[in-house]
Amino acid sequence: MPFHEDELDEAEATHFRSLTAAEAEGDERAVEAALRPRTLDEVVGQVRVRDQLGLVLEAARMRGRAPDHVLLSGPPGLGKTTLAMIIAGEMGAPLRLTSGPAITHAGDLAAILSGMNEGDVLFVDEIHRMSRPAEEMLYMAMEDFRVDVVIGKGPGATAIPLEIPPFTLVGATTRAGLLPGPLRDRFGFTAHLEFYEPDELDLIVQRSARLLDVDVESDGTSEIASRSRGTPRIANRLLRRVRDYAQVRADGVVTLPVAQSALDLYEVDQLGLDRLDRAVIDVLCRRFGGGPVGISTLAVAVGEERETVEEVAEPFLVRNGFLARTPRGRVATPAAWTHLGLRAPAEAPAEGTLFDD
Numbered sequence: 001m002p003f004h005e006d007e008l009d010e011a012e013a014t015h016f017r018s019l020t021a022a023e024a025e026g027d028e029r030a031v032e033a034a035l036r037p038r039t040l041d042e043v044v045g046q047v048r049v050r051d052q053l054g055l056v057l058e059a060a061r062m063r064g065r066a067p068d069h070v071l072l073s074g075p076p077g078l079g080k081t082t083l084a085m086i087i088a089g090e091m092g093a094p095l096r097l098t099s100g101p102a103i104t105h106a107g108d109l110a111a112i113l114s115g116m117n118e119g120d121v122l123f124v125d126e127i128h129r130m131s132r133p134a135e136e137m138l139y140m141a142m143e144d145f146r147v148d149v150v151i152g153k154g155p156g157a158t159a160i161p162l163e164i165p166p167f168t169l170v171g172a173t174t175r176a177g178l179l180p181g182p183l184r185d186r187f188g189f190t191a192h193l194e195f196y197e198p199d200e201l202d203l204i205v206q207r208s209a210r211l212l213d214v215d216v217e218s219d220g221t222s223e224i225a226s227r228s229r230g231t232p233r234i235a236n237r238l239l240r241r242v243r244d245y246a247q248v249r250a251d252g253v254v255t256l257p258v259a260q261s262a263l264d265l266y267e268v269d270q271l272g273l274d275r276l277d278r279a280v281i282d283v284l285c286r287r288f289g290g291g292p293v294g295i296s297t298l299a300v301a302v303g304e305e306r307e308t309v310e311e312v313a314e315p316f317l318v319r320n321g322f323l324a325r326t327p328r329g330r331v332a333t334p335a336a337w338t339h340l341g342l343r344a345p346a347e348a349p350a351e352g353t354l355f356d357d
């Protein structure tokens, strides 16, 4: 008997909504860590980045020095943290992990840097969210391997220079445009990770299935890959949910019909759109005639926070041609009307007052 999200309790509904979110939370991170590649040779896809990074690391090994600082940019779930771990593993160096939001004061960064040893790899996730004082301290640390620790305040303040052993900073960001130029220029190697092709995701799903000891057929993994929004993290998450379905409602083997039934149950359609994605374009087409409509109005109409619509649903819808951002607001494209089985209006929507941001 079919059921809908409104029949679930809030915890289950939140779980359904998070299946196609690229960010990992809670126990998801522990499971995903076990599925991460450990070496560059195990990485599927990102051929250009993989080759360039391999050259940087090999040259550093030949010189017997720490690699240049590395900046990794791209949407969530594409493997920035994995590459940071691989850099440390390939160099045989310890990896220290932190995040930009956790470094709120220059003293926080000084405490981290003072504990570094020669050759260590420091990974800073969401580096664009680091505080400005810490950012300015990082300039000197990256370039001169030194920081000035200020003790006291006012005229009596004293700056004590602190030498830092040569280390490699790996910064990750989903919004490279927010990085100030002086910080971005201090990275010796910058890489942008692209979304994965379905055949690459298929290989990733097959590898993860082997690690999880899941019995899968090739058409089953292909179906999962095609609905994974070009993101390995989502592909691995959907694989685990399809595995659960296969164990409970089938014979444990992930076949094409099993994968289709499981993903339909979790409301992930053939193009990877989930409940929120479809709600956004449905409201935009049916209630607002295709737009233009402001993002705040759109968020209220689908019952979600503005940030959720703007950061979770909108990027995927824009990238796949279902939604357009215009100076007057969001507009549904012909592909959105077609996906919903509706006919687009013959004329463009009239100028309205729905733009609210």
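Counting in UniProt numbering, the sequence shown tops out at residue 357, every number present.
Note that CB positions come from ideal geometry on N, CA and C, so glycine has one too.
The structure presented is a predicted model; accordingly, all values stated were derived computationally and were not measured.
Local Cβ density within 10 Å of residue 164, reported as buried at 16 or more and exposed below that: buried
In its own chain, which residues sit with a C-beta less than 7 Å from the C-beta of residue 335, not counting the 5 before and 5 after it? 321, 322
The segment 222-233 contacting the segment 263-278, beta-carbon criterion three pairs below 8 Å: yes
Among 289, 330, 290, the one whose alpha carbon lies nearest that of residue 309: 330
Could you please give the first and the last residue of the uninterrupted alpha helix (DSSP H) stretch that includes residue 134? 132-144
Using 10 angstroms around the beta-carbon of residue 26, count the other beta-carbons present and answer buried if the total reaches 16, otherwise exposed. Unreliable placement is indicated for residue 26, whose pLDDT of 49 sits below 50; no coordinate value is reported for it.
Please classify residue 169: does DSSP put it in a helix, a strand, or coil? strand
Which residues bound the alpha helix (DSSP H) around residue 278? 275-282
Measure the beta-carbon distance from residue 344 to residue 291 and round it to whole angstroms, keeping in mind my assumption that it falls under 8 Å. Actually they are not in contact, since the Cβ atoms of residue 344 and residue 291 sit about 11 Å apart, beyond 8 Å.
From 92, 109, 256, pick the residue whose C-alpha is nearest to that of residue 100; which is it? 109
Find out if the Cβ-Cβ distance for the pair residue 248, residue 259 is shorter than 9 Å. no
Would you report the Cα separation of residue 78 and residue 263, rounded to the nearest angstrom? 21 Å
Could you give the distance in angstroms between the alpha-carbon of residue 83 and the alpha-carbon of residue 192? 12 Å
Could you name the residues of the same chain whose beta carbon sits closer than 6 Å to that of residue 206, not counting the 5 residues immediately before and after it, in chain order? 221
Leaving aside the five residues before and after residue 182 along the sequence, list all residues of the same chain whose C-beta is less than 8 Å from its C-beta, in chain order. 139
Evaluate residue 341 with the Cβ neighbour count: other Cβ atoms within 10 Å of its Cβ, from every protein chain shown; 16 or more gives buried, anything less gives exposed. exposed
Between residue 295 and residue 170, how many whole angstroms is the CB-CB distance? I'm expecting something under 8 Å. That pair is no contact at about 33 Å.
What alpha helix (DSSP H) runs, 4 residues minimum, are completely inside the segment 217-297? 218-226, 232-249, 256-265, 275-282
Please go through the same chain and pick out, in chain order, the residues whose beta-carbon is closer than 8 Å to the beta-carbon of residue 43, but skip the five residues on each side of it. 37, 50, 79, 82, 83, 86
Does the Cβ-Cβ distance between residue 67 and residue 195 come in under 9 Å? no
Figure out for me which residue from 60, 137, 203 has the closest Cα to the Cα of residue 35. 203
Bridge partner(s) assigned by DSSP for residue 148: 161
Candidates 186, 40, 104, 96: closest to residue 69 by CA position: 186
Using the Cα positions of residue 285 and residue 197, report the straight-line distance between them to the nearest angstrom. 29 Å
Among 130, 45, 281, which one has its Cα closest to the Cα of residue 180? 130
Does residue 369 come out as helix, strand or coil in the three-state DSSP assignment? No answer is possible for residue 369: it lies beyond the span of the chain, which begins at 1 and ends at 357.
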